[in-house]
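Structure first, then comments.
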Amino acid sequence: MQNFTQISLKQSDSNNQMIIEQYQQLLSADKAQKTHFFEGRYENIYIDKVLLTSTQNLFSEITTIAQQVIGTKQKLRMGFWFNEMQPGFRTVAHTHDENDELLSGVYYLNVPKRSGDLLLGKGDDQIKIAPKAGDCIFFTPDVIHEVLPNESAEMRLSIGMNFGYAERME
10 MQNFTQISLK QSDSNNQMII EQYQQLLSAD KAQKTHFFEG RYENIYIDKV
60 LLTSTQNLFS EITTIAQQVI GTKQKLRMGF WFNEMQPGFR TVAHTHDEND
110 ELLSGVYYLN VPKRSGDLLL GKGDDQIKIA PKAGDCIFFT PDVIHEVLPN
160 ESAEMRLSIG MNFGYAERME
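Numbering (our numbering), first residue to last: 10 to 179.
Structure (structure tokens):
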């Protein structure tokens, strides 16, 4: 299985810290919507992009890379959510192929050692990826994926993403 692309974004450390701080402020100000409650935690935490001023440059860069991965110059829309994983928790196996997504991905903001590898695929085709902060991993929406338990003492934080055409193609 090689249906993924991994890219490490340059200059991510200071920007990641700004995003993490803004995420925590908005979360504590009750500006988030939480969904997908599995095994004692919400896997998806949504915050309006308008409130997340620290993500503008990052999202622009990631969307440009997504266009390259897909092989299109057509404008893309990006849906996103935060995945906050405290010690002891994991992300259950799932796919993102419910709608008209062309590409899925994850961007890593904070990845302590032993905070859970990303598993793509299943069985003999499964790939284990040990991401680090600043990594962006893209894969097709139909790839089953999960995250192993966070065995660190710190929070792991990433941004999940789906990409589709900004305007539907007929």
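Just so you know, even glycine gets a beta-carbon here, dropped at the ideal spot from N, CA and C. Keep in mind it's a predicted model, so treat the numbers as computed, not measured.
Whole beta strand (DSSP E) elements within the region 37-68, 3-residue minimum: Fully enclosed beta strand (DSSP E) runs of 3 or longer: 41-47, 50-56.
A38, buried or exposed, once every other Cβ within 10 Å from all chains shown has been counted against 16: exposed
8 Å contact criterion, which I28 and K40 should meet: CB distance rounded: Not confirmed; about 14 Å, so no contact.
The beta strand (DSSP E) enclosing F98, as first and last residue numbers: Note, F98: premise wrong, no beta strand (DSSP E); not H, not E.
Three-state secondary structure assigned by DSSP to D134: helix
Proximal residues to G80 (C-beta, below 6 Å), its chain only, five neighbours per side dropped: none
Distance between Y117 and E110 (C-alpha atoms, nearest Å): 20 Å
Boundaries (first-last residue) of the beta strand (DSSP E) holding M170: 165-174
Rounded Cβ spacing between R165 and V120 (contact assumed at less than 8 Å): 6 Å
DSSP three-state assignment for A142, whether helix, strand or coil: coil
Option nearest I153 by Cα separation, candidates E160, Q135, G97: Q135
Identity of the residues DSSP links to R86 by a beta bridge: G173
Alpha-carbon to alpha-carbon, S63 and N12: Their backbone Cα atoms lie some 30 Å apart in a straight line.
Reference T100; option with closest CA among S17, N108, F91: F91
Endpoints, the beta strand (DSSP E) within which T14 is located: 13-17
Cβ contact check for the region 12-26 and the region 142-161: 3 or more pairs under 8 Å: yes
Beta-ladder partner(s) of G114, from DSSP: F147, M170
8 Å contact criterion, which L129 and V156 should meet: CB distance rounded: 11 Å between Cβ atoms; not a contact.
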